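S.K.: Here it is, the structure, as structure tokens.
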Amino acid sequence: MKKPVSPEAARLRMADLCARSEQCEADIMRKLQNLSLPGDVAGEIIKFLRENKFIDDERFARSFARDKCRFSSWGRNKIRLALMAKHIPADAIAHGLAEIDKDDYLNALRKVALAKFRQLDLTGEKAREDRMKLYQHIISRGFESSLASKAVASLVRRASMRQEGNDE
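So the mapping is simple: the numbering used here equals the position in the sequence shown, first residue as 1, plus 514.
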């Protein structure tokens, strides 16, 4: 059986965690509940962390959105859903999504599309099916359908040009 954690030790542990990496209120609350702390004690610790700027859901949303786009190649839709699952307020989510750099976003889209493109044949016998697979893959990574359509069209043109070059 685990040794119970004192409220002061839990507060220090959570402050240390928040100082090392960006955390959201919901994740900290879950960690405090896992330590079997009563709800009122956990609430006081959250209040302390918020007042002392250890946790800030808007700051978390901005950091999360930038990192998921840049390092995991997620689109805005997937990022929005992940933030909603962490109970981040809608206005903080909007600020977080606005923080994504346009160039980083388009690079993430290209990376996702090209990785899948290399596995498919967009001009062969199953071209229509493979184009749909590519489109669905881009959508599943959270990118908007208009951007997915443009990416597929661009890669179809690229594949066609490549095929024409090989035919000669």
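Each residue gets a CB set at the ideal place from its N, CA and C atoms; glycine is no exception. Because the structure is a prediction, the values reported are computed rather than measured.
1. So, are the CB atoms of Leu563 and Ala529 less than 8 angstroms apart?
2. Under the three-state reduction of DSSP, which class applies to Phe631: helix, strand or coil?
3. Check whether the stretch 598-608 touches the stretch 649-662, taking contact to mean three or more Cβ pairs, one atom from each stretch, closer than 8 angstroms.
4. What are the boundary residues of the alpha helix (DSSP H) that Gly589 is part of?
5. Once the 5 residues before and after Arg570 are set aside, which same chain residues still bring their CB inside 8 angstroms of it?
6. Whole angstroms are fine: how far does the CA of Ala622 sit from the CA of Asp581?
7. Looking at C-alpha atoms only, which residue of Ala612, Leu634, Phe568, Leu597 is the closest neighbour of Glu536?
8. Please list, in chain order, all residues of the same chain as Tyr619 whose beta carbon is under 7 angstroms from its beta carbon, the five residues on each side excluded.
9. So Thr637 and Ser674 are in contact, right, with Cβ under 8 angstroms, and what is the actual spacing, rounded?
M.R.: Result, derived from the coordinates:
1. yes
2. helix
3. no
4. No alpha helix (DSSP H) holds Gly589; DSSP gives it neither H nor E.
5. It should be pointed out that residue 570 corresponds to Asp in this sequence rather than to Arg. Result list for Asp570: Arg564, in chain order.
6. 11 angstroms
7. Phe568
8. Cβ neighbours of Tyr619 beyond the five flanking positions: Cys583.
9. Contact flag correct, Cβ pair sits at about 6 angstroms.
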